[in-house]
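A short write-up of the structure that comes next.
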């Protein structure tokens, strides 16, 4: 039984099909990632799943309820962390949580009972009465996350939860999301940070131009789409080196002043490069980002 | 397009939206009340005494009393328009408060109904503030009759909020509201009998005035303040209710199209 599913989902704006026939299934308790470059259709897909806009085609079930027909009822057990901060700037941390809890029909007594747990989870107990405008970006994100949990949701949507955060704040959010997964919550997140998806997601889907172009577990995607090692080579005489080492590198890609060598023989390549004085190199295991760039290309999207 | 213009769904789920606005208002209540009260009161007293001293009776009463009825109406209209436009637009577009609410189990119909009722309450406060001055200064004929002004204020609040929400739904930014204030609100203030009887206007402008909702509000309030039952009550009430309901219906359709696209 799937927790969240969509079949043949389509959405068109003007002449352009922004979501062009998507199937997806999210299982209970997993973290599911929706990846894609800007404009790939991730946010529109989320809005469709939440029932905030009507699809032009396809079917959606969220927590066993048909969406958009029963979207409002489905959202009773759903939490949302939107891409852009929409906390109430006139309210304190506490008031933001109280006002939001009321939208779920919770009584003030119920909300008050939940507040300490939420504040502690977001590590904002010391800021309970602080005005929103005095919070750092990381604190605001944590508060938005706490706000999404006010109704104790079974399913949480996060739209680019760590965009714009510094590494400390980002790691803190990742920790919190892992804690939620350990509690058995189901998470759907969109991101274009491959590292984030690789660390958190059990399964993910890469979207581009409104279509799914790959899906699977992060490791599995890397194994099936790309060679296990990447050696990035910079410096004088790149091309000559590349021409001479075609048999070691299964795939060679020149991007600006860098040559990417995708290979099963990382060690042999680096040994070969050790002797080259003009060339600098970086050898690393292939990552999701390499898969992403291979599948969606290196062209700028905005 | 048509799907956005289905009839409004009315539900008590609007209450938390109303409470959210009330909580913000409470934090800023003192300057808010001062603004509601002081500005129209100064206009009324300044013009009422200053200009009133130069004038004989206007419309069968002292000029200050004449102006007081107009001020109750114009203050209510202004308050509803400012709240639905500037504050409503902040919540809808700038702070994205409505979007946050829509992620909860509420619909846009609930949000807009909450905004409508909230704005009516705020404009009631503005109208009441002037009414209190009227009572304190004894500018009425019968206290019992003057109490009927309160439901008229509520109806005006509905009328002008419905109209303003249409403009809100269409607005790309705050500057857009200038068109509405310059082309709709200001003419109403000057043509509908706030400062002088409509009968003083040339026939053509009287014709325009008859179509404007503020005229009908003043036609209800002024006799009530003089202790008389207004003539043509049903007509005036229907005009105000029609502007409000048609406005709200169009506003809801346009806002759905804007946010649920």
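Chains as they are written, first to last, in the numbering used here: chain F, 1 to 302; chain E, 1 to 261.
All C-beta atoms, glycine included, are put in the ideal place defined by N, C-alpha and C.
For clarity, every value in this text was computed on a predicted model and none was experimentally measured.
Straight-line Cα distance separating residue j from residue i
{"i": "residue 206 of chain F", "j": "residue 283 of chain F", "result": "25 Å"}
{"i": "residue 208 of chain E", "j": "residue 9 of chain E", "result": "34 Å"}
{"i": "residue 227 of chain E", "j": "residue 52 of chain E", "result": "21 Å"}
{"i": "residue 307 of chain F", "j": "residue 248 of chain E", "result": "Shown here, chain F extends from 1 to 302; a query on residue 307 of chain F therefore has no answer."}
{"i": "residue 138 of chain F", "j": "residue 159 of chain F", "result": "15 Å"}
{"i": "residue 170 of chain F", "j": "residue 196 of chain F", "result": "9 Å"}
{"i": "residue 204 of chain E", "j": "residue 7 of chain E", "result": "37 Å"}
{"i": "residue 47 of chain E", "j": "residue 163 of chain E", "result": "29 Å"}
{"i": "residue 152 of chain F", "j": "residue 101 of chain F", "result": "10 Å"}
{"i": "residue 253 of chain E", "j": "residue 294 of chain F", "result": "44 Å"}
{"i": "residue 91 of chain E", "j": "residue 21 of chain F", "result": "34 Å"}
{"i": "residue 160 of chain E", "j": "residue 80 of chain E", "result": "6 Å"}
{"i": "residue 179 of chain F", "j": "residue 38 of chain E", "result": "54 Å"}
{"i": "residue 36 of chain F", "j": "residue 297 of chain F", "result": "11 Å"}
{"i": "residue 77 of chain F", "j": "residue 155 of chain F", "result": "7 Å"}
{"i": "residue 230 of chain E", "j": "residue 220 of chain E", "result": "6 Å"}
{"i": "residue 165 of chain F", "j": "residue 173 of chain F", "result": "10 Å"}
{"i": "residue 304 of chain F", "j": "residue 242 of chain F", "result": "What the structure shows of chain F is the stretch from 1 to 302, and residue 304 of chain F is not part of that stretch, so it cannot be assessed."}
{"i": "residue 209 of chain F", "j": "residue 229 of chain F", "result": "28 Å"}
{"i": "residue 274 of chain E", "j": "residue 86 of chain F", "result": "Any question about residue 274 of chain E goes unanswered here, given that chain E covers just 1 to 261."}
{"i": "residue 18 of chain E", "j": "residue 108 of chain F", "result": "15 Å"}
{"i": "residue 244 of chain E", "j": "residue 95 of chain F", "result": "33 Å"}
{"i": "residue 211 of chain F", "j": "residue 154 of chain E", "result": "52 Å"}
{"i": "residue 124 of chain E", "j": "residue 1 of chain E", "result": "34 Å"}
{"i": "residue 222 of chain F", "j": "residue 182 of chain F", "result": "25 Å"}
Simplified DSSP state of residue i, which is helix, strand or coil
{"i": "residue 96 of chain E", "result": "coil"}
{"i": "residue 11 of chain F", "result": "strand"}
{"i": "residue 91 of chain F", "result": "coil"}
{"i": "residue 176 of chain F", "result": "helix"}
{"i": "residue 121 of chain E", "result": "helix"}
{"i": "residue 211 of chain F", "result": "strand"}
{"i": "residue 61 of chain F", "result": "strand"}
{"i": "residue 253 of chain F", "result": "strand"}
{"i": "residue 38 of chain E", "result": "helix"}
{"i": "residue 61 of chain E", "result": "strand"}
{"i": "residue 234 of chain F", "result": "strand"}
{"i": "residue 191 of chain F", "result": "strand"}
{"i": "residue 105 of chain F", "result": "coil"}
{"i": "residue 56 of chain E", "result": "coil"}
{"i": "residue 285 of chain F", "result": "strand"}
{"i": "residue 112 of chain E", "result": "helix"}
{"i": "residue 86 of chain F", "result": "coil"}
{"i": "residue 127 of chain E", "result": "helix"}
{"i": "residue 101 of chain E", "result": "helix"}
{"i": "residue 135 of chain F", "result": "coil"}
Terminal residues of the alpha helix (DSSP H) in which residue i lies
{"i": "residue 227 of chain F", "result": "First-last for residue 227 of chain F: undefined, no H or E at that position."}
{"i": "residue 16 of chain E", "result": "15-27"}
{"i": "residue 277 of chain F", "result": "First-last for residue 277 of chain F: undefined, no H or E at that position."}
{"i": "residue 240 of chain F", "result": "238-244"}
{"i": "residue 52 of chain F", "result": "Here residue 52 of chain F belongs to no alpha helix (DSSP H), and DSSP marks it neither H nor E."}
{"i": "residue 291 of chain F", "result": "288-296"}
{"i": "residue 117 of chain F", "result": "108-121"}
{"i": "residue 248 of chain F", "result": "Element bounds for residue 248 of chain F: n/a, residue is neither H nor E."}
{"i": "residue 72 of chain F", "result": "71-74"}
{"i": "residue 146 of chain E", "result": "143-147"}
Cβ-Cβ separation, residue j to residue i (assumed contact under 8 Å), whole Å
{"i": "residue 204 of chain F", "j": "residue 32 of chain F", "result": "7 Å"}
{"i": "residue 60 of chain F", "j": "residue 6 of chain F", "result": "5 Å"}
{"i": "residue 48 of chain F", "j": "residue 9 of chain F", "result": "6 Å"}
{"i": "residue 225 of chain E", "j": "residue 149 of chain E", "result": "7 Å"}
{"i": "residue 167 of chain E", "j": "residue 108 of chain E", "result": "In fact, because the Cβ distance is near 17 Å, the residues do not count as touching under 8 Å."}
{"i": "residue 186 of chain F", "j": "residue 3 of chain F", "result": "5 Å"}
{"i": "residue 43 of chain F", "j": "residue 11 of chain F", "result": "So it is not a contact: roughly 11 Å between Cβ atoms."}
{"i": "residue 148 of chain F", "j": "residue 80 of chain F", "result": "6 Å"}
{"i": "residue 63 of chain F", "j": "residue 97 of chain F", "result": "That pair is no contact at about 23 Å."}
{"i": "residue 306 of chain F", "j": "residue 176 of chain F", "result": "Residue 306 of chain F lies beyond the range of chain F shown here (1 to 302); nothing can be said about it."}
Boundaries (first-last residue) of the beta strand (DSSP E) holding residue i
{"i": "residue 261 of chain F", "result": "258-263"}
{"i": "residue 25 of chain F", "result": "16-26"}
{"i": "residue 65 of chain F", "result": "65-67"}
{"i": "residue 201 of chain F", "result": "No beta strand (DSSP E) contains residue 201 of chain F, which DSSP labels as neither H nor E."}
{"i": "residue 29 of chain F", "result": "Unbroken run through residue 29 of chain F: none, as it is neither H nor E."}
{"i": "residue 270 of chain E", "result": "Residue coverage of chain E in this structure runs from 1 to 261, which leaves residue 270 of chain E outside it and unanswerable."}
{"i": "residue 79 of chain F", "result": "78-81"}
Check: residue i C-beta below 6 Å from any heavy atom of the ligand MG
{"i": "residue 240 of chain E", "result": "Ligands displayed in this structure: none; no statement on the ligand MG is therefore possible."}
Residue i at chain B interface by Cβ criterion, 7 Å
{"i": "residue 103 of chain E", "result": "The structure shown contains no chain B; its protein chains are F and E."}
Quick one: which unbroken alpha helix (DSSP H) runs of 4-plus residues sit fully inside the region 160-219 of chain E? Chain order, please. 177-180, 186-191, 203-211
In chain order, which alpha helix (DSSP H) runs of at least 4 residues are fully inside the region 139-186 of chain F? 167-182
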